[in-house]
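Chemist: Right, I'll just put the structure down here and ask away after.
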Amino acid sequence: MGSSNGKWWYCLDVLWSLNCFHPFLFHSPHTELCSGIKAAKQSKQLGSTIITKSQAPQRHNSPPLPVSPRSPVASSASLSPPPPPPPGRVRVPASSGPRRPTAPPSPRAPLPDSVAAMQKDTSSGDVSPSHVARVRHRRRPNEITTDGNRANGPALLVSDQNKYKSMLIRTYSTLWMMGGFVFVIYMGHLYVWAMVVVIQIFMATELFNLLRKSSEEKQLPGFRLLNWHFFFTAMLFTYGRFLSRELVNTVSSDHLLYKLVSGLIKYQMFICYFLYTAGFVWFILTLKKKTYNYQFKQYAWTHMILLTVFAQSSFTVANIFEGMFWFLLPASLIVINDIAAYLFGFFLGRTPLIKLSPKKTWEGFIGASVTTIISAFLLANVMGRFPCLTCPRKDLSTGWLHCDPAPMFKPEHYILGDWVPQWFPWKEVFLLPVQWHALALGLFASIIAPFGGFFASGFKRAFKIKDFGDSIPGHGGITDRMDCQMVMAVFAYIYHQSFISPHNFSVDAILDQIIRNLTYEEQKSLYQQLGDIIHARQFM
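Take 1 as the starting number for the sequence shown in UniProt numbering and just add one per residue.
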């Protein structure tokens, strides 16, 4: 009897696990209880799918047992579900694998109305696969809806809600910078050179910090000093080439100092190469096993800074001593172009210009180009009339310069004639020849130089930073203001050497070669020989 009862309960357990109870065979007052248990199981499964799709248990329904068509089971399919099995005898289905014993369910907080409605819908067993897929879908953090983008608004400056506050801060900083710039120009060439050196040091500091890691620096004491060793070696080499003549002319009155400076200039290239080689050996000796990648990245990064930043901005110093005009005019055109592009984009900008700079617009670019070209033509006429700006500096002294203006800065008379209508008040004008060259500078400053800013924008996006620094409120760092200036300085120097500077040998060029390559005794001997030749020609 006991064995037969065990087999009977075992069959009931199997039928219950396979969800194939038939209400005709097991009709009892527990039918409603069975329906509730089944609905609770389905709602529990649905709740787990709402949490996450990856963690939802996959339920595989086993196929029902075959039923004979003549049996009463097949004729009563519309009746209610059967009652549950007796407690303590429920077995785990073979298809679902072994399960761990679970604790009794703890009381839960009431579910939201939307979740309760979904549970109610799924309790009937008519949930479609597409509906379940929609319930299980959960938006990921990197997914952004179109409405969210529209809510944030475009990135153009004309649509910025805080643009007036930003404009006030930017204007305040610009006025301070312009005031300090005018004061340094008033002090003279030597102070302008010192200002450029300070700007280069700040730029190098901002760029060195981009790839610097404190965790790696602690393992490499003195490695930061190596970067500055290469920096000042490049400074000695560049300025030694540009300012050798001015330096010699400054100390020519002192015989001992003159010999020392002349020797340094003569062997300046060898000295710079020796310093660079010392830095190279220093770098090799400081290599550590776990920091090879970081050290070589810093080595390459340092050389890129010296090439793209220091070498380009050093041409600015050469322009200063060729005449303050060739430094002040290109720098002013970049400032005018920047301000004009900001104002035109501030009030009229609607069409984005380039993806690297979302706030740059075609309206600002075109308006700034026209303004810059016109300003170049007018500013050249004003600056070209001051000898202190047009005269080249031959030494490193301070003070105002006075010299005869070069042919490029002498006014020329132009008769307009039929080029202007009858009502035009001016029939003739006086223009400086340098104004036509200023148009080329203005054209470059308005069309090509802004790409230096685009390059810096892409550079910052690569490092995922907004600005190179925060030393200038409203503008960012020093590098953010000097990106276009570096490109413009190189062009101004090359343009001056190609189209303005005389190509034939001049007295200054010959003296420069004599000072560079001859010792003091050789120069004295040359002077005596020239004196004898001139004295002999007077009696011929």
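Note that beta-carbon positions come from the ideal geometry of N, C-alpha and C, so glycine has one too.
In angstroms, rounded to a whole number, what distance separates the CA positions of F283 and S506?
Modeler: Roughly 45 Å separates the two Cα atoms.
Chemist: Measure the alpha-carbon distance for Y520 versus S262 and round it to whole angstroms.
Modeler: So the alpha carbons of these two residues sit roughly 8 Å apart.
Chemist: What's the call for W326, buried or exposed, on a 16-neighbour Cβ count within 10 Å?
Modeler: By the 10 Å Cβ count, W326 comes out buried.
Chemist: Out of curiosity, what's the CA-to-CA distance linking E363 and G279?
Modeler: Their backbone Cα atoms lie some 49 Å apart in a straight line.
Chemist: Quick check on the DSSP output: the alpha helix (DSSP H) that includes K218 runs from which residue to which?
Modeler: From DSSP, the alpha helix (DSSP H) with K218 extends over S214 to Q219.
Chemist: Between the segment 238-252 and the segment 395-413, do at least 3 Cβ pairs fall closer than 8 Å?
Modeler: In short, these stretches touch, since the Cβ pair count reaches three.
Chemist: Run through DSSP, which three-state label would S397 get?
Modeler: Note: S397 maps to coil in three-state DSSP.
Chemist: State the DSSP-derived secondary structure class of K289, mapped to helix, strand or coil.
Modeler: DSSP places K289 in helix when its eight states are reduced to three.
Chemist: Are the CB atoms of A204 and F223 nearer to each other than 9 Å?
Modeler: Cβ distance not < 9 Å, so A204 and F223 don't count as in contact.
Chemist: Could you tell me the distance, in whole angstroms, from the CA atom of S313 to the CA atom of D470?
Modeler: One C-alpha to the other measures close to 21 Å.
Chemist: Around the C-beta of L328, are 16 or more other C-beta atoms found within 10 angstroms, so that it is buried, or is it exposed?
Modeler: When all chains shown are included, L328 counts as buried.
Chemist: Would you mind giving the Cβ-Cβ distance between G474 and S173, rounded to the nearest angstrom? I have them listed as a contact below 8 Å.
Modeler: Right, their Cβ atoms sit about 5 Å apart.
Chemist: Hey, would you say F468 sits closer than 9 Å to E206, going by beta carbons?
Modeler: Yes, these two residues count as a Cβ contact at 9 Å.
Chemist: What do you reckon, are the CB atoms on Q528 and I514 nearer than 9 Å?
Modeler: Going by C-beta atoms, Q528 is not nearer than 9 Å to I514.
Chemist: Helix, strand or coil for residue 546 per DSSP?
Modeler: The question about residue 546 has no answer, for the chain in this structure spans 1 to 540.
Chemist: Please report the residue range of the beta strand (DSSP E) in which V196 lies.
Modeler: Note, V196: premise wrong, no beta strand (DSSP E); alpha helix (DSSP H) at H189 to F208.
Chemist: How would you label S214, buried or exposed, when you count the other beta carbons within 10 angstroms and need 16 or more for buried?
Modeler: Its Cβ having fewer than 16 others within 10 Å, S214 is exposed.
Chemist: Tell me the residue span of the alpha helix (DSSP H) that contains V487.
Modeler: Where V487 is concerned, the enclosing alpha helix (DSSP H) stretches over I478 to Y495.
Chemist: Looking only at C-alpha atoms, which of Q497, L379, A380 and L401 sits nearest to P387?
Modeler: It is L401 whose Cα lies nearest to the Cα of P387.
Chemist: Buried or exposed for P450, please, with buried defined as at least 16 other CB atoms from any protein chain shown within 10 angstroms of its CB.
Modeler: When all chains shown are included, P450 counts as buried.
Chemist: Determine the burial state of Y493: buried for a count of at least 16 other Cβ atoms within 10 Å of its Cβ, exposed for fewer.
Modeler: Result: buried.
Chemist: Whose C-alpha, out of F296, Y273 and W176, is nearest the C-alpha of R212?
Modeler: Considering only alpha carbons, the answer is F296.
Chemist: Run through the DSSP bridge pairs and tell me what V251 is partnered with.
Modeler: Answer is none; V251 lacks a bridge partner.
Chemist: With three or more beta-carbon pairs closer than 8 Å as the criterion, would you say the segment 401-419 touches the segment 430-447?
Modeler: Contact holds: three or more Cβ-Cβ distances are below 8 Å.
Chemist: Can you check the segment 303-387 for any beta strand (DSSP E) of at least 3 residues that lies completely inside it and give the ranges in chain order?
Modeler: As far as the segment 303-387 is concerned, its whole beta strand (DSSP E) runs of at least 3 residues are 352-354 and 357-361.
Chemist: Pick helix, strand or coil for L443, following the three-state DSSP scheme.
Modeler: Residue state, collapsed to three classes: helix.
Chemist: List the endpoints of the continuous alpha helix (DSSP H) containing H475.
Modeler: Neither: H475 is in no alpha helix (DSSP H) and is coded neither H nor E.
Chemist: Work out the CA separation of N517 and A462 for me, nearest whole Å.
Modeler: Going from the Cα of A462 to the Cα of N517 covers about 47 Å.
Chemist: Report yes or no: do three or more beta-carbon pairs, one from the segment 475-486 and one from the segment 186-205, lie closer than 8 Å?
Modeler: Yes, the segment 475-486 is in contact with the segment 186-205.
Chemist: Could you check what DSSP says for I465 in three-state terms: helix, strand or coil?
Modeler: Three-state result, I465: coil.
Chemist: Which whole-angstrom value describes the C-beta separation of E412 and L441, a residue pair presumed to lie in contact below a C-beta threshold of 8 Å?
Modeler: That pair is no contact at about 19 Å.
Chemist: Could you round the C-beta distance between N381 and T302 to whole angstroms and report it? I think they count as a contact, below 8 Å.
Modeler: Their Cβ separation, rounded to whole angstroms, is 44 Å, which puts N381 and T302 out of contact at 8 Å.
Chemist: F346 and M178: beta carbons closer than 9 Å?
Modeler: Cβ distance not < 9 Å, so F346 and M178 don't count as in contact.
Chemist: Three-state secondary structure (DSSP) at K524?
Modeler: K524 falls in the helix class under three-state DSSP.
Chemist: So, N319 versus H496, is the Cβ gap smaller than 9 Å?
Modeler: Contact: yes.
Chemist: Look up A536 in the DSSP assignment and say whether it is helix, strand or coil.
Modeler: A536 falls in the helix class under three-state DSSP.
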